[in-house]
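Undergrad: Supplied in structure tokens, the structure appears directly below.
Protein chains: 2
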Amino acid sequence: MIETAAKLRAALDESAYDWLALGSKTHIGYSTGYRSVAGDLFESHRMLVLMSGDQTFVVGGASDGAAAFEAGISAETYIPFGTFYFESVGGEAPESQLTGRHESFQEAVTDAMSRANIAGRVGFDAGASDLAPAISSVGAEPLDATDWMYDRRAVKLPEEVERLRVAARLAEQGIDAAIETAGAGISELELAKAVATTMAAGGGFPRFTVVTSGPRSAFSDARPTNRVLRQGDLVRFDVGCTFEGYWSDIGRTAVVGEPNHLVASRYAAILAGEEAQLQTVRPGISAEHLFDVAVSAVEDSGLIPYRRQHCGHAIGTEVYERPVVAPAWPTVLESGMVFCFETPYYEIGWGGMMVEDALVVTADGADMLTVSDRSLRVIEP
Amino acid sequence: MIETAAKLRAALDESAYDWLALGSKTHIGYSTGYRSVAGDLFESHRMLVLMSGDQTFVVGGASDGAAAFEAGISAETYIPFGTFYFESVGGEAPESQLTGRHESFQEAVTDAMSRANIAGRVGFDAGASDLAPAISSVGAEPLDATDWMYDRRAVKLPEEVERLRVAARLAEQGIDAAIETAGAGISELELAKAVATTMAAGGGFPRFTVVTSGPRSAFSDARPTNRVLRQGDLVRFDVGCTFEGYWSDIGRTAVVGEPNHLVASRYAAILAGEEAQLQTVRPGISAEHLFDVAVSAVEDSGLIPYRRQHCGHAIGTEVYERPVVAPAWPTVLESGMVFCFETPYYEIGWGGMMVEDALVVTADGADMLTVSDRSLRVIEP
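Going down the list, the protein sequences come from chains A and B.
Each residue of the first sequence is one higher than the one before, starting from 5 at the first, in the numbering used here.
Each residue of the second sequence is one higher than the one before, starting from 5 at the first, in the numbering used here.
This is how it looks when you write it as structure tokens:
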């Protein structure tokens, strides 16, 4: 049994739930170790995991069978739906017996609930919320376990931290590679390609490569364009990839030529905000306190007012996980939680800048997953 | 106005609908030209487009505002929700006036429906289906327009075909690069990295890199592993990327060393199936007929029985679009439709093979988007 599944089962044993009914893609990966390729491609792709203290049943497409069995899901407890033909000599391989067993996902779910004989309190997630009536119809009690599931995932296992570290390193290596090739006349798109190529060469899947320059650097979450760098431009990088399903989300800022006073002082302020978080973070601190620490430090450094809805977020198999480093998040940090801290600033007509890093909370503070230079980078024009 | 939006508006004028209410991400891109970066990252990300014959209103997050305005959505018709701070001198830029206007998506939707004064027949898509009660509540008639929307998108505009061509070329260039580096002792993961790096260097986002070898080549949709190539292995590539939001999905098969008779004859059979489709495709042919053509040609070439649920699919801003090349798809092909044709074969305990290509239907047949060698590739051991 994979580590995350074992951890989840142990938590289930001590929970208010007798069963879990999980339909969200990342929870299915967490509870089985199986990440469906088709699940990455099709919004409508569905699976269901029914897990109790000692049993697991999985509903999945016939086409997912071979890869799911290889990932450790047993053929005996896999309830397939749909049509897909794996052949085998004499039709003896279990993979070749998956097709046409159930016409629809819903029909397979009914069979799975019957075989599992689910009863008692059944915690479902957002991806299985439409199955609450089916849970009720077999006499069990459906309860929304979405938050409970995310809370279970908040503390990462060492194997998870290592994947997050690889993803974070690939992101910052991508930025470093782009800055090395940057100069006046180079376009945002060329820089974004350098980021993505570096990520891919390291085994990551590029997921977002926000490289914006000049006035566009103020446009949060804008795609790179053919705009070419000019002397004095700010260049804002906000990029991420996945490595074995685990995300990164890393930010850096560069300037073409030596920064003027306003650019230098504003960057110093946002860096002071992130730095204050990094100095403060440790188990026992609340997420909302870290937000206050960041905002105060930025404003104390002269960028006033500094208005943000958050200054960071947990990260894992989703790019934003719980807790968020924001007001009204009293969640107390624990050793093993992984965060991105960030202090961006966006001013329309002037530009935008950010610094964002990943770290794992440790017993006495934090271990940085990123290692690259966090200062304002200067690109030779 | 972007080309796809203009085409959609023209279709709307001749349709049974007075308004469209679009919430699915790819329909939002089609109807506005704006593809949200956050929409790529967060399953829960929401927007709504309300479109009539002469008006468009867009509901979107405050954080999407700057990028949305740059993409051509007007600030006057953008109804924002949530909290996000763009600063501007004197607070005069419209981007700096987006925050806190509406607390929730639902609240912004109510405002948008009121401002648009929607009435009559309102076609909604799958991403807006939960808004049907809200549409009814203002006295309009909600109608499911999901199929209608996909049918409108089936014929691609020249700009769309060119993006699909780039995506397809990047996929086959990725496969070619991987085959060039392949040999005994090279792992599936190393080959997958070569595929992804080539895609990224060309400006694509790698989306799936299924590279499976030996017995694993029979595992449809399995992820690449550390398994290293050995003499006699089949190596199956099924890979795709997106370029400016448009997908590719391309397949090739290689063998390590000269193929034995069974491998060679089976590959010849599946290639004959795809070849028969390519010889037959033209406007006026039905999708289900093309399926029959493929299956018959494979079986006539000696691979019996050849069982498949489909032998291809339309492709666009989603990897599978309508029509599917499958039984019960009487849809008649039109010039400008873009398809992937494929004839894979999976046998547990033996291996898997496939060939898959992309093409656009033209007045007298098809124009291939892929140009690389479709034969069984031989890797020097």
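Even glycine gets a Cβ: it sits at the ideal position worked out from N, Cα and C.
Note that this is a predicted model, so its numbers are computed, not measured.
Under 8 Å, Cβ to Cβ, is there at least one residue of chain A near valine 214/B?
TA: For valine 214/B, the answer is yes, since a Cβ of chain A falls inside 8 Å of its Cβ.
Undergrad: With distances taken from CA atoms, which of Leu373/B, Gly143/B, Arg381/B, Ala14/B is nearest glycine 57/B?
TA: Minimum Cα distance to glycine 57/B is reached at Ala14/B.
Undergrad: Okay, do the region 348-367 of chain A and the region 273-282 of chain A touch, 3+ Cβ pairs below 8 Å being the bar?
TA: At 8 Å Cβ cutoff, the stretches touch.
Undergrad: Could you name the residues of chain B that threonine 87/A contacts, counting a contact when the two beta carbons are closer than 8 Å?
TA: Chain B residues near threonine 87/A: Gln313.
Undergrad: Assign methionine 55/B to one of three DSSP states: helix, strand, or coil.
TA: Strand at methionine 55/B.
Undergrad: Along the region 341-367 of chain B, what residues have a CB closer than 7 Å to any CB found in chain A?
TA: The residues in question are Tyr350, Glu351, Ile352, Gly353.
Undergrad: Figure out for me which residue from Asp237/B, Arg240/B, Asp371/B, Thr216/B has the closest Cα to the Cα of asparagine 230/B.
TA: Of the candidates Asp237/B, Arg240/B, Asp371/B, Thr216/B, the one whose C-alpha sits nearest the C-alpha of asparagine 230/B is Thr216/B.
Undergrad: How far does the beta strand (DSSP E) with isoleucine 83/B in it extend, from its first residue to its last?
TA: 82-85 is the span of the beta strand (DSSP E), which, as asked, contains isoleucine 83/B.
Undergrad: Can you pull the chain B neighbours of alanine 71/A, defined as C-beta to C-beta under 8 Å?
TA: Neighbours of alanine 71/A on chain B, chain order: Phe223, Ser224, Asp225, Ala226, Arg227.
Undergrad: Please list the residues of the region 136-167 of chain B that have a C-beta atom closer than 8 Å to any C-beta atom in chain A, keeping them in chain order.
TA: Within the region 136-167 of chain B, no residue has a Cβ that lies closer than 8 Å to any Cβ of chain A.
Undergrad: With 8 Å set as the bound, which would you pick, yes or no: does the beta-carbon of arginine 231/B sit closer than that to a beta-carbon of chain A?
TA: Not an interface residue.
Undergrad: Could you have a look at arginine 227/A and say whether DSSP puts it in helix, strand or coil?
TA: It is coil, neither helix nor strand.
Undergrad: Starting from the C-beta of glycine 43/A, find all residues in its chain whose C-beta is less than 6 Å away, skip the five residues before and the five after it, and write them out in chain order.
TA: Excluding sequence neighbours, glycine 43/A sits near Lys29, His49.
Undergrad: Among the residues of its own chain, which have a CB less than 7 Å from the CB of alanine 273/A, if the five just before and after it don't count?
TA: Same-chain partners within the cutoff: Val302, Ser305, Gly306, Leu307.
Undergrad: Which first and last residues belong to the beta strand (DSSP E) in which isoleucine 122/A is found?
TA: First-last for isoleucine 122/A: undefined, no H or E at that position.
Undergrad: Quick one: Cα of alanine 112/B to Cα of serine 78/B, how far?
TA: Near 16 Å, if we compare the C-alpha coordinates of serine 78/B and alanine 112/B.
Undergrad: Note down, in chain order, every chain B residue with its Cβ under 9 Å from the Cβ of tyrosine 324/A.
TA: Within 9 Å Cβ-Cβ: Leu45, Phe46.
Undergrad: Using three-state DSSP, classify tyrosine 182/A as helix, strand or coil.
TA: Sequence check: residue 182/A is alanine here, not tyrosine. Reduced to three states, the DSSP call for alanine 182/A is helix.
Undergrad: What residue range is occupied by the uninterrupted alpha helix (DSSP H) comprising tryptophan 152/A?
TA: 150-158 is the extent of the alpha helix (DSSP H) around tryptophan 152/A.
Undergrad: Indicate whether at least one CB of chain B lies closer than 8 Å to the CB of arginine 50/A.
TA: Taking Cβ atoms only, chain B never reaches closer than 8 Å to arginine 50/A, which makes this a no.
Undergrad: For alanine 205/B and chain A, any beta-carbon pair shorter than 8 Å?
TA: Closer than 8 Å to some Cβ of chain A, the Cβ of alanine 205/B qualifies, so yes.
Undergrad: Please tell me whether glutamate 164/A and glycine 320/A are closer than 8 Å, where the distance is taken between their beta carbons.
TA: In this structure, glycine 320/A lies closer than 8 Å to glutamate 164/A by Cβ.
Undergrad: Determine the DSSP secondary structure at valine 170/B, reduced to helix, strand or coil.
TA: In this structure, valine 170/B counts as helix in the three-state DSSP scheme.
Undergrad: At 8 Å on the CB atoms, spell out the chain B contacts of valine 41/A, in chain order.
TA: Those within 8 Å of valine 41/A in chain B are Phe212, Val214, Asp225, Ala226, Arg227.
Undergrad: Which partner residues does serine 386/A have in the DSSP bridge list?
TA: The structure shown does not extend to residue 386/A, since chain A is modelled only from 5 to 385, so the question has no answer here.
Undergrad: If the criterion is Cβ atoms closer than 8 Å, does the pair histidine 31/B and aspartate 134/B meet it?
TA: Going by C-beta atoms, histidine 31/B is not nearer than 8 Å to aspartate 134/B.
Undergrad: Using a Cβ-Cβ cutoff of less than 6 Å, which residues in the same chain neighbour leucine 233/A once the five nearest sequence positions on both sides are dropped?
TA: Closer than 6 Å at the Cβ level, and outside the excluded window around leucine 233/A, lie Ala188, Ile190, Ser217, Val260.
Undergrad: I want to know whether the region 286-301 of chain B touches the region 320-336 of chain B - three or more CB-CB distances under 8 Å.
TA: Touching, per the Cβ criterion.
Undergrad: Starting from the N-terminal side, write out each stretch of the beta strand (DSSP E) that is 3 residues or longer and does not extend beyond the region 239-290 of chain A.
TA: The region 239-290 of chain A contains these whole beta strand (DSSP E) runs: 254-260.
Undergrad: What did DSSP end up calling proline 219/A once you bin it into helix, strand or coil?
TA: DSSP places proline 219/A in helix when its eight states are reduced to three.
Undergrad: DSSP puts proline 146/A in a beta bridge; with which residues?
TA: According to DSSP, proline 146/A bridges with Val126/A.
Undergrad: Answer with buried or exposed for valine 63/A, where buried requires no fewer than 16 other C-beta atoms within 10 angstroms of its C-beta.
TA: It counts as buried.
Undergrad: Given a cut-off of 8 Å on the beta-carbon distance, is the pair phenylalanine 212/B and valine 243/B in contact?
TA: Yes, these two residues count as a Cβ contact at 8 Å.
Undergrad: Within 8 Å of any Cβ in chain A, is that where the Cβ of serine 133/B sits?
TA: For serine 133/B, the answer is no, since every Cβ of chain A falls outside 8 Å of its Cβ.
Undergrad: State the DSSP-derived secondary structure class of valine 364/A, mapped to helix, strand or coil.
TA: Strand at valine 364/A.
Undergrad: For a contact defined as C-beta to C-beta under 9 Å, what are the partners of valine 93/A on chain B?
TA: Those are Glu351, Ile352, Gly353, Trp354, listed as they occur along chain B.
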